[in-house]
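Some notes on the structure that comes next.
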Amino acid sequence: MTGERMQAIHGDITRMEVDAIVNAANSGLMGGGGVDGAIHGAGGPAIAQACREIRERQGGCPTGEAVITTGGMLPAPYVIHAVGPVWRGGNDDEDALLASAYRSSIALAAQHGLRTLAFPNISTGVYGFPRERAADIAIAAVLEQLPSAPSIVQVTFVCFDEENYRLYQQRLGAFGEL
Ligand code: AR6
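Sequence positions in the sequence shown follow the numbering used here and run 8 to 185.
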């Protein structure tokens, strides 16, 4: 069952022992605050160096897409840098772009034969996406993409704030009741 391959935990994504953690990056792959800052801080300069090489090769990463780098000193060997949209009120394709950021990350993980993947709550920090709406989109997008990603056995949503954790628990709990 696809739903059983998803779980939510409350915590810090930089500590996750999974094949890849996803970063909520910006399209310049320049690093920043929030989870991006935490990942670069914990993973060390190898991640920024790999981002720089991608920038030189392809000029960054468009919103809704993702790129993969080393995890540097992180427990996770890879970081998938996904670029979510800035929330601009909901009429600027934000929903589709957020869904695409999740789907692209899963597709990239599958291309690399990865088995376990952890997501932060992309766009719900500095980018201002409403949390409930983002949770619904994230779960639906992962559910949609997982059937074409057979290598992936588990997707963990790592919720840093209490409200996001509660939202994901509620939504994922519903699968257990089906
Ligand atoms: N582990 C897991 N989640 C975290 C952590 C952590 N260590 N730290 C924060 N979060 P944000 P965005 C959660 O702002 O909204 C950066 O500057 C946080 O509670 O990191 O996509 C980038 O460079 C929130 O729920 O990302 C971009 O410029 C979620 O991570 C921009 O911010 C996302 O918040 C991206 O904005």
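The beta carbon of each residue, even a glycine, is placed where N, CA and C say it ideally should be.
Report, in whole angstroms, the separation of the C-beta atoms of residue i and residue j, which I expect to be a contact under 8 Å.
i       : j       : result
Thr-123 : Val-25  : 4 Å
Ala-148 : Ala-106 : 4 Å
Ile-61  : Leu-36  : 6 Å
Glu-170 : Arg-140 : Contact doesn't hold; Cβ gap of about 13 Å is too wide.
For residue i, which of helix, strand or coil comes out of DSSP?
i       : result
His-47  : helix
Cys-166 : strand
Ala-108 : helix
Glu-11  : helix
Asn-30  : strand
Val-42  : helix
Thr-21  : helix
Measuring only from the beta carbon, is residue i closer than 7 Å to any heavy atom that is part of the ligand AR6?
i       : result
Gly-41  : yes
Pro-82  : no
Asn-33  : yes
Tyr-134 : yes
Val-165 : yes
Pro-154 : no
> Could you give the uninterrupted runs of the alpha helix (DSSP H) lying entirely in the stretch 135–166, keeping only those of 4 residues or more?
Replying inline: 138–152
>> Quick check: the stretch 78–95 against the stretch 39–56, are at least 3 beta-carbon pairs closer than 8 Å?
In response: Below 8 Å, enough C-beta pairs join the stretch 39–56 and the stretch 78–95 to call them touching: three or more.
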